[in-house]
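What follows is a short report on a single structure.
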Amino acid sequence: MTDRILITGAGVVSAIGCGMAQTLDALLNNRSGVGPLVYLKTEHKEFPVGEVKMSDEGMRKHLNINDKEITTRTALMGMIALDEALKDAKITPEMIPNIGFISGTTVGGMDMSEQYYLDYVNNENHKEYIAVHDCGSCSEMTANHFGKFAFITTLSTACSSAANAIILGANMLRCGEADIVVVGGSECITKFHLNGFNSLMILDTQWCRPFDATRAGLNLGEGAAYLVLETEESAKKRGVKAQAILSGYGNACDAFHQTASSPDGEGAYRAMKEALQLADIQPDKIDYINAHGTGTPNNDLSESQAMKRLFGDKVPPMSSTKQFTGHTTSASGSIEAVFCILALQNGFVPVNLNWSQPIEDGVVPVHQPHKKELKHILCNAFGFGGNDSSLLISKPEL
Amino acid sequence: MMEKKEIYVLSAKQISVQQPLCEDWMSQPIEYQQPFNRSIDPSFKDYISPIEARRMGKILKRAIATSKEALKASGLETVDAIITGTGYGCIENTEFFLDALSKDGEQMLSPTYFMQSTHNTISSIVAIQMKNHGYNVTYAHKGTSFDSALQDAMLQLRLGKISSALVGGHDEMTETFYNILKKGGMMGHDDEMCGEAAVSVVVGARNDDYLCKILDFKMLHKPTMERLKAMAAKFKADFILTGISGDHKSDEAYIAEAKELFGDAKLLKYKHLFGESFTSSGLGFYVAAQCLKAGKIPTHLFVNPKDITDKKPSMILIFNHSDGTNYSLTLMEA
Chain A
1195 MTDRILITGA GVVSAIGCGM AQTLDALLNN RSGVGPLVYL KTEHKEFPVG
1245 EVKMSDEGMR KHLNINDKEI TTRTALMGMI ALDEALKDAK ITPEMIPNIG
1295 FISGTTVGGM DMSEQYYLDY VNNENHKEYI AVHDCGSCSE MTANHFGKFA
1345 FITTLSTACS SAANAIILGA NMLRCGEADI VVVGGSECIT KFHLNGFNSL
1395 MILDTQWCRP FDATRAGLNL GEGAAYLVLE TEESAKKRGV KAQAILSGYG
1445 NACDAFHQTA SSPDGEGAYR AMKEALQLAD IQPDKIDYIN AHGTGTPNND
1495 LSESQAMKRL FGDKVPPMSS TKQFTGHTTS ASGSIEAVFC ILALQNGFVP
1545 VNLNWSQPIE DGVVPVHQPH KKELKHILCN AFGFGGNDSS LLISKPEL
Chain B
3 MMEKKEIYVL SAKQISVQQP LCEDWMSQPI EYQQPFNRSI DPSFKDYISP
53 IEARRMGKIL KRAIATSKEA LKASGLETVD AIITGTGYGC IENTEFFLDA
103 LSKDGEQMLS PTYFMQSTHN TISSIVAIQM KNHGYNVTYA HKGTSFDSAL
153 QDAMLQLRLG KISSALVGGH DEMTETFYNI LKKGGMMGHD DEMCGEAAVS
203 VVVGARNDDY LCKILDFKML HKPTMERLKA MAAKFKADFI LTGISGDHKS
253 DEAYIAEAKE LFGDAKLLKY KHLFGESFTS SGLGFYVAAQ CLKAGKIPTH
303 LFVNPKDITD KKPSMILIFN HSDGTNYSLT LMEA
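Here the protein sequences come in this chain order: A and B.
Position one of the first sequence corresponds to residue 1195 (our numbering), numbered consecutively onward.
Position one of the second sequence corresponds to residue 3 (our numbering), numbered consecutively onward.
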């Protein structure tokens, strides 16, 4: 790869905390944010979830947004993460008109639409929320809180949306379309997809167990994370340092089934392989894989096969962090990319919590605290429809 | 700045409120009096088996048909990437699921509608049909959803990551959803007609039978007039394809701005034929490509009748924006 893509800032909010510091503390101390449902209004209290520990009102207060402003939970979480990312990268308001914003979401304003749908159909109540149902509105509400970005677009590839936003951002920098782009994703839990996942029978009523023989489904989570991607030249000019390098990325389609992964993990295999090829790095240089690892029987087996195809019998230390946050769906690609940056900077592999028995023919995850220097990390995010992406995040000084 | 590779439009196919999968609208446009109309569908049995089709919403069937036709017309066996833009995704299935959720509660929901309700269902079902493992993403960003997909394809073509891409723009509209959007002030202004969009185009390196060339593309969010003028200076063409839609106040501002930016270039329109939706700009792209290929611009596309000319167009600029928020400029050459 010719031009280095620098990550010069990051911001995150999820069930394990608001901001990079709380997130690191939770990861290092194996503190999960998954628990009984508190904020979402649903009949399905039986499912543990990884909610961000704030009500919409709490987030409004936190962001200093008045009651009258139309917004959605996904946009609010997006603003919290974006605020931290911009500050972290020392981006000032007057720089924003020259910066692009690329976000991933699938639910968009569904949290409001599912509450008010019958009103939309039958009467005039809550009609002000109709215009913010779509995904693009969600990105714009998030971005507009900080200024007028040079361009805004939205990726919607289900659970790999944020990872694909990161890939687009990198390609834009490499084409000279911008010097700085802010990329990532945001997604709140909605009744819509909680029920959708439930109808597909892929939710576990217990704490999820990725890569465990007894795994029985996923726990939903929510959150947002954004990364600031920047060219080397721009960072040098501004005097900001790279926290990590996006040294490779791959996107491939499993092209197998609408909601299930192929038995041989074809899409996942291709995405990871492409990321390595772009970075021109051999598989044995990978120090850690942050797996997609949702905890569904299907995903973890398919992803295990993909890892074994690429790495043979030398699969690097691997873990899923979904037990910490729940599956943050569209935001998972950027939230977990932030986890990878923290792991690189602090020299540890996040523990695959709640694990006890290996999957037959699967890969054994890192289930004990594991301190070591990391140089190259693969971060996987796979979506419904076989939209599989993998990011390769590396230490700035090798 | 990297050197710009030449990018060609190899094929472009549509299903819309005009005759499907053909260019009859050039000589015999269908005119509508009422604001809500659904697309004219072709027979889908040539593209999808009846068993598969039974479970699919209209948006998916149309995407498969236009994609297969576009691939066939491109002369390529396969493409390196499938990139889709859709403002609302599979809204009919979303509506069914929301309706059941709201009326019947949370205990008896079937997975059928949910499985085909996400935005990326479209791109992935096309990939499954074509057995395509290449790059596959979906953009959902209002009136620039198709434009975002096109931009992605162009970036990767320029980087040499891919040599061809199937770019789609797909939105469907149900009567219930149309009425909701109207209530939300997003549709149904004055003479505005809504139109479902299903457009598939193949872009890549030149072939024998290409439609036109894409010279440049730019997307902007809430640009200042100064920035727009700087950009317009780089996107010069004799013909400007605008997205005026029949919304009087908005059209007035649109035309005034286009005149300020592009001087006496001739303004064209297409939404009076194809209608308005989040991905109608995909139909605009299709219209521009077909006009360049045909070497003529049908008289009914001119905003101002005194501009009508039978001059062969050499370049068309697609000037797309929605409510002055998201702009895109696409410069196409014969």
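Where a beta carbon is used, it is the ideal one built from N, C-alpha and C, also for glycine.
All values derive from a computational prediction rather than experimental measurement.
So what does DSSP say about Asn1493 (chain A), is it helix, strand or coil? helix
Under a Cβ-count criterion, where at least 16 other Cβ atoms within 10 Å of its own Cβ denotes burial, should Ala1215 (chain A) be classed as buried or exposed? exposed
If I follow the unbroken alpha helix (DSSP H) through Leu62 (chain B), where does it start and stop? 60-76
By the 9 Å beta-carbon criterion, what residues does the stretch 135-163 of chain B contribute toward chain A? His135, Gly136, Tyr137, Asn138, Val139, Thr140, Tyr141, Ala142, His143, Lys144, Gly145, Thr146, Ser147, Asp149, Ser150, Gln153, Asp154, Met156, Leu157, Gln158, Arg160, Leu161, Lys163
Quick check on Asn122 (chain B) - is its C-beta less than 8 Å from some C-beta in chain A? yes
Neighbouring residues, chain B, relative to Met1674 (chain A) (Cβ below 8 Å): Outside the modelled stretch of chain A, which goes from 1195 to 1592, sits residue 1674 (chain A), for which no answer is possible.
Give a yes or no on whether 8 Å exceeds the smallest Cβ distance from Val1376 (chain A) to chain B. no
Output, in chain order, the set of chain A residues within a Cβ distance shorter than 9 Å of Tyr256 (chain B). By Cβ distance, chain A contributes nothing, its closest Cβ being about 19 Å from Tyr256 (chain B), past 9 Å.
Cys92 (chain B) - DSSP class collapsed to helix/strand/coil: Coil.
Please report whether the beta-carbon of Phe1578 (chain A) lies at a distance below 8 Å from any beta-carbon of chain B. yes
Output, in chain order, the set of chain B residues within a Cβ distance shorter than 7 Å of Thr1453 (chain A). Met117
Hey, could you find the ends of the beta strand (DSSP E) Tyr1233 (chain A) is sitting in? It is not in any beta strand (DSSP E) - Tyr1233 (chain A) carries neither H nor E in the DSSP assignment.
Along the chain, where does the alpha helix (DSSP H) that runs through Glu1468 (chain A) open and close? 1460-1473
Taking the C-alpha atoms as reference points, what is the distance between His1387 (chain A) and Tyr1233 (chain A)? If I take the Cα positions, the gap works out to 15 Å.
Return the first residue and the last residue of the beta strand (DSSP E) that His1570 (chain A) is part of. 1570-1577
Residues sharing a beta bridge with Glu1424 (chain A), DSSP: A:Leu1200, A:Ile1374
My output table needs one value for Met3 (chain B): the three-state DSSP class, helix, strand or coil. Since pLDDT at Met3 (chain B) reaches only 42, below the 50 mark, its modelled position is unreliable, and the value read off the structure follows with that caveat. Three-state DSSP puts Met3 (chain B) in coil, outside helix and strand.
Report the partner residues of Met1512 (chain A) according to the DSSP bridge assignment. In the DSSP output, where bridge partners are listed per residue, Met1512 (chain A) has A:Ile1483.
is_contact[Ala1500 (chain A), chain B] using C-beta, thresh 8 Å: Closer than 8 Å: no.
According to DSSP, what are the bridge partners of Met334 (chain B)? B:Ile216, B:Ile318
Between the stretch 1570-1586 of chain A and the stretch 1454-1468 of chain A, can you find at least three pairs of beta-carbon atoms closer than 8 Å? yes
Classify Ile53 (chain B) as helix, strand or coil using the three-state DSSP reduction. Here Ile53 (chain B) sits in helix by DSSP.
Quick one: list the residues of chain B neighbouring Asp1328 (chain A), beta-carbon separation under 7 Å, in chain order. Gly89, Tyr90, Ala142, Lys144
Are the C-beta atoms of Tyr1311 (chain A) and some chain B residue less than 8 Å apart? Yes, contact with chain B.
Outcome for His143 (chain B) when other beta-carbon atoms lying within 10 angstroms are tallied against a minimum of 16: His143 (chain B) is buried by the Cβ-count criterion.
Can you tell me which of the three DSSP states Glu1591 (chain A) falls into? Of the three classes helix, strand and coil, the one that applies to Glu1591 (chain A) here is coil, per DSSP.
Does DSSP classify Ile164 (chain B) as helix, strand or coil? coil
Using the DSSP secondary-structure output, state which residues sit across from Pro1552 (chain A) in a beta bridge. A:Asp1406
Following a CB-centred definition, is Gly59 (chain B) positioned closer than 7 Å to any heavy atom of the ligand NAP? You won't find the ligand NAP in this model; it holds no ligand whatsoever.
Residue range of the alpha helix (DSSP H) that Gly1411 (chain A) falls in? Element bounds for Gly1411 (chain A): n/a, residue is neither H nor E.
Determine whether the beta carbon atoms of Met1271 (chain A) and Cys1382 (chain A) lie at a separation below 8 Å. yes
Ser104 (chain B) at chain A interface by Cβ criterion, 8 Å: yes
Spatial neighbours of Ser1456 (chain A) within its chain, please: CB distance less than 7 Å, with the 5 preceding and 5 following residues excluded, ordered by chain position. Asp1448, Phe1450, Ser1496
State yes or no: is the C-beta of Tyr1310 (chain A) within less than 8 Å of the C-beta of Asn1319 (chain A)? yes
Starting from the Cα of Gln1437 (chain A), find the closest Cα among A:Thr1425, A:Ala1446, A:Asn1445, A:Tyr1443 and give me that residue. Residue A:Thr1425 is the option with its Cα nearest to Gln1437 (chain A).
Taking contact to mean at least 3 C-beta pairs separated by less than 8 Å, is the stretch 77-85 of chain B in contact with the stretch 1358-1367 of chain A? no
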